[in-house]
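For the record, in the sequence shown the residue sitting at position 46 is 39 according to the working numbering, with numbers rising by one throughout.
For every residue, glycine included, the Cβ atom is placed at its ideal position computed from N, Cα and C.
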Amino acid sequence: MSDDIASIPNLGPATAAGFARAGITGAAQLRSLGADEAYRRWLAAGEPAHFIGYYALVMGLMGRPWNDCQGDEKKTLRLKFDALKAEHSKAPEGFEAAMNEIGIRL
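Below, the structure written as structure tokens:
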């Protein structure tokens, strides 16, 4: 079995490159982290949030095609995606907020 992220169903070279920028460089590492933690790292690395990308990842880690996600399962994944996105976009506090205020981003 290849350790290339693109060997996971639904994930291609562009997604693998995005995960590499997030410090996730292999399929085994991605599987070990699981979809939610991997997506947290994806967002923290500045990669764009995209619901279809998230559920394609979830489905791929289960060995399922991305378009297999429907109905209640899709609704549940949307709630998880929205929570991950909200978690990432929390307003900075303390020192980080002060630096942002004067135009210095960490």
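Does DSSP put residue 55 in a helix, in a strand, or in coil? coil
How many angstroms separate the CA atom of residue 77 from the CA atom of residue -5? 29 angstroms
Can you give the Cα-Cα distance for residue 28 and residue 54, rounded to whole angstroms? 7 angstroms
Within 10 angstroms of its Cβ, does residue 45 collect 16 or more other Cβ (buried), or is it exposed? exposed
If you follow the alpha helix (DSSP H) that residue 21 is part of, which residue opens it and which one closes it? 20 to 37
Rounded to whole angstroms, what's the CA-CA distance from residue 70 to residue 79? Just pull it up for me. 14 angstroms
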